[in-house]
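Here the structure is laid out as structure tokens; the discussion comes afterwards.
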Ligand code: ZN
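In my numbering, the protein residues as written are 239 to 440.
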């Protein structure tokens, strides 16, 4: 499965000068919502990801995604795995699990994102689930931006990867492109201003 082609076909690989949620800048941005607007594509991706996870032999009770980006991918993944689905969301910047979602003591939870860059939001969602008694068995994303090491990769994750080393991370593919600290950003250097994806109608 060629994830890059799927994103290109959906016009979901954007080019510009983007301010990422991590604070870094990038020339490219993956707009997963554009890929997942076709439920058939979403289902196909989730089935492929679920296959990988099943082959690994994880026992999963529930998939949990950080809102908003991870919700569609996580919901489809839960369907493909035959599990329950819940989501975490930010309230005043703090990740929380609300809406009446409950977690049983020792419940096996897999955290699913659309894209994992450094895994910050996924880690926050896992921390909240842990506090509620979950057993975090894995992380998953449609694509890995190359900072973390997914199951099957031979290289180690970069120091900026926030996902724990001892929990497996599944992704369909690595999808690498450079990101810059604002002070090192070549687009900033020529006076261009970074913008948040979505803030200009994309
Ligand atoms: Zn910049």
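For each residue, glycine too, the CB sits at the ideal point set by N, CA and C.
This one's a predicted model, so the numbers in the text were calculated from it and none came from an experiment.
Under the 8 Å Cβ criterion, the stretch 241–257 does not count as touching the stretch 391–408, having fewer than three qualifying pairs. For residue 307, same chain residues with a beta-carbon under 6 Å away, outside a window of 5 residues either side, are 352 in chain order. The shortest CA-to-CA distance from residue 248 to any of 239, 268 and 260 is the one to 268. Within 7 Å of the C-beta of residue 435 there is not a single heavy atom belonging to the ligand ZN. Residue 305 sits in coil when the DSSP states are folded into three classes, being neither helix nor strand.
Sorting 387, 411 and 412 by C-alpha distance to the C-alpha of residue 400 places 387 at the top. Annotation note: the stretch 394–430 contains the following uninterrupted alpha helix (DSSP H) runs of length 4 or greater, listed N- to C-terminal: 424–427. Residue 350 is a Cβ neighbour of residue 311, given a cutoff of 8 Å. Counting along the chain, residue 267 sits inside the beta strand (DSSP E) bounded by residues 263–268.
For the 8 Å CB-CB criterion, residue 371 and residue 414 do not form a contact.
In this structure, DSSP gives residue 391 a state outside helix and strand, which the three-state scheme calls coil.
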